[in-house]
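Before any comments, here is the structure.
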Amino acid sequence: MSLSRRTVYSSSVRSGGIGTLGTPGIAPGRRFAPLGSAASVYAGAGGAGSRISVTRTLSSAGGAFGAGYGAGYGAGLGGSVFLGGSGAVANEKEAMQDLNDRLAAYLEQVRRLERENRRLETQIREFMAQKGLSTQDWSRQWELIEELRDKILESSVENARTVLQIDNARLAADDFRVKFEAELAIRLSVDSDIAGLRKVLDDTNMTRLQLEGDIEALREELILLRKDHDQEVQELRAQASQSALTVEVDAPRSQDLGKVLAELRAQYDALAQKNLEDLEKQWGQQITETTLEVTQSTKDLDTARGTVGALRRSLQTLEIDLEALRNQNAGLEAALAEAEARAGAQLAQVQLQVSAAETELRDVRAELQRQNEQHRELLGLKDRLEAEIATYRQLLEGGDGGFNLRDALDKETTATTAGTGTTHRVVTETREVKVRTY
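In UniProt numbering, the protein residues as written are 1 to 438.
Here is the structure:
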């Protein structure tokens, strides 16, 4: 009768994102076949997966016991111990010696992996140092950006100053336009006054000519009256001289004819003088007033002509100033448009440089993040390797100090790996088989 019990403990840990690193000299998924019963530990390439399995076989009839350890790192750790009758101790020593040899090879592989890890860390530090040195070049870019910002600010201030000058020129042009309109209104008023004065002057000239004609007519009439008077006097004198009639009248003494003629002449002279005085009195004041009005009108006309000439000169000066201001305004607007175009081009160039710098900075950050993730993965792999080394060391130290392989095989071994984006899976399987043999 034989009783056989088979118990299998398996623990697997699978992690993502590390297996892509790869480590030279490690065979992924390698197993060592157990001879009788074996305990094996294997891992994927670069620590992508780790699995520990223990298989124990007890046989009362055969009296044999076997154990084996295997590791999937290219230098696996495996061994078998056969206990059969009286040669159990020798087989166990051979198995332990085999385990020691494999462990030495495993430790050598671990040391090689540590050296590889240090080399990778050195490369990472050098890469980080190079990236750090490359990031120091950003100061020049920032200086260029600051310089361009200062130029843009200066251009903005210059544009504001130009706009202010344009506004001042527009205000000055408006003032000149208002003054021009006021002067034009004054000119139109003066022109209307001059036209009225010219009409008054024409009327005055017509009146003067009419009065001069009347004076000439009166003078001619006076001459005719004097001529008629002289003729009558001559006729009377002729008649008196030709008359020879002597009449003696016993009467008072007759008046002297010469005296009568003298009186008559005096009366006619007084009448003519009176008529002349009346004429001068009637028309002299009007002629004097008209002459004064004509003189004043002439003076006003000369003054108005001088004012019109001054206004024309002022108008020409204002038109010249207005044209100069228009040209200055056009030049300032052209300068403003050119400055805006230049500032826009500089701003677009700066934006392109900033965009390129931001893109490069994002690429650098992504590269740094990727290197950091790889570094963390390598550190995790190192931690797992150190944990497994510690596990083997504990197993070996336990075997030297009274370690019972059968008790160690009865224990459940679990490997736990922590990392970013990992999935843990632990499977425990126990099988009990009873066989009765006759």
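Heads up, the beta-carbon is just placed ideally off N, CA and C, and yes, glycines get one too. No experiment lies behind these values; they were computed from the predicted model shown.
Nearest CA to the CA of residue 110: which residue from 386, 393, 95? In the sequence shown, counting from the first residue as 1, residue 110 sits at position 110. Closest option to residue 110, Cα to Cα, is 386.
Three CB pairs or more closer than 8 Å across the segment 286–299 and the segment 191–211: yes
Counting pairs of beta carbons, one from the segment 342–352 and one from the segment 171–185, are three or more of them closer than 8 Å? no
| query | So residue 272 and residue 225 are in contact, right, with Cβ under 8 Å, and what is the actual spacing, rounded? | reply | In the sequence shown, residue 272 corresponds to position 272, counting from 1. In the sequence shown, residue 225 corresponds to position 225, counting from 1. Between residue 225 and residue 272 the Cβ distance is about 7 Å, and since that is below 8 Å, they are a contact.
Do residue 197 and residue 301 count as a contact pair if the criterion is CB distance below 8 Å?
Walking along the sequence shown from the start, residue 301 turns up at place 301. Walking along the sequence shown from the start, residue 197 turns up at place 197. Yes, the Cβ-Cβ distance between residue 301 and residue 197 is below 8 Å.
When you compare each of 207, 156, 277 to residue 294 by their alpha carbons, which one comes out closest? As a first step, residue 294 is located in the sequence shown; it is residue number 294 there, counting from the start. Nearest C-alpha to residue 294: 207.
Taking the alpha-carbon positions, what's the residue 146 to residue 366 distance? Along the sequence shown, read from residue 1 onward, the residue named residue 146 stands at position 146. Along the sequence shown, read from residue 1 onward, the residue named residue 366 stands at position 366. Answer to the nearest angstrom: the Cα atoms are 26 Å apart.
Tell me whether residue 284 is buried or exposed, calling it buried when 16 or more other Cβ atoms sit within 10 Å of its Cβ.
-> Residue numbering aside, residue 284 sits at position 284 when the sequence shown is read from its first letter. Answer is exposed; the Cβ neighbour count stays below 16.
Exposure of residue 277, with buried meaning 16 or more beta-carbon neighbours within 10 Å = Along the sequence shown, read from residue 1 onward, the residue named residue 277 stands at position 277. Classification for residue 277: exposed.
Q. Got a sec? Which residues, its chain only, sit under 8 Å from residue 128 by beta carbon, not counting five neighbours each side?
A. Along the sequence shown, read from residue 1 onward, the residue named residue 128 stands at position 128. Excluding positions up to five away in sequence, the list reads 368, 371.
So, using beta-carbon positions, are residue 169 and residue 325 closer together than 8 Å? Here residue 169 is taken as the residue at index 169 of the sequence shown, counted from 1. Here residue 325 is taken as the residue at index 325 of the sequence shown, counted from 1. Against a cut-off of 8 Å, the Cβ pair of residue 325 and residue 169 comes out as a contact.
inquiry  = Rounded to the nearest angstrom, what separates residue 377 and residue 140 at their Cα positions?
reply    = Locating residue 377 in the sequence shown gives position 377, counting from the first residue. Locating residue 140 in the sequence shown gives position 140, counting from the first residue. Each residue's alpha carbon lies about 35 Å from the other.
Just the Cα atoms here: how many angstroms apart are residue 303 and residue 199? On the sequence shown, residue 303 is found 303 positions in, with the first residue counted as 1. On the sequence shown, residue 199 is found 199 positions in, with the first residue counted as 1. Spanning the two alpha carbons is a distance of roughly 17 Å.
Using the Cα positions of residue 151 and residue 158, report the straight-line distance between them to the nearest angstrom.
-> On the sequence shown, position 151 is the one that residue 151 refers to. On the sequence shown, position 158 is the one that residue 158 refers to. Each residue's alpha carbon lies about 10 Å from the other.
(request) For residue 352, count neighbouring C-beta atoms within 10 Å of its own C-beta (all shown protein chains included) and say buried if the count is 16 or more, exposed if not. (result) For this step, residue 352 is matched to residue 352 along the sequence shown. Exposed, by the Cβ-count rule.
Review point. What whole-angstrom Cβ distance do residue 279 and residue 201 have, given they're in contact under 8 Å?
Key: Position 279 of the sequence shown, counted from the first residue, corresponds to residue 279. Position 201 of the sequence shown, counted from the first residue, corresponds to residue 201. In fact, because the Cβ distance is near 25 Å, the residues do not count as touching under 8 Å.
What does a CB cutoff of less than 8 Å around residue 162 pick up in its chain, not counting 5 residues either side in sequence?
In the sequence shown, residue 162 corresponds to position 162, counting from 1. If we look at residue 162 and ignore the five residues flanking it on each side, its Cβ neighbours are 332, 335, 336, 339.
Quiz item: So which of 89, 92, 104, 116 has the shortest CA-CA distance to residue 381?
Solution: Within the sequence shown, numbered from 1, the residue matching residue 381 stands at position 381. Taking only the C-alpha atoms, the option nearest residue 381 is 116.
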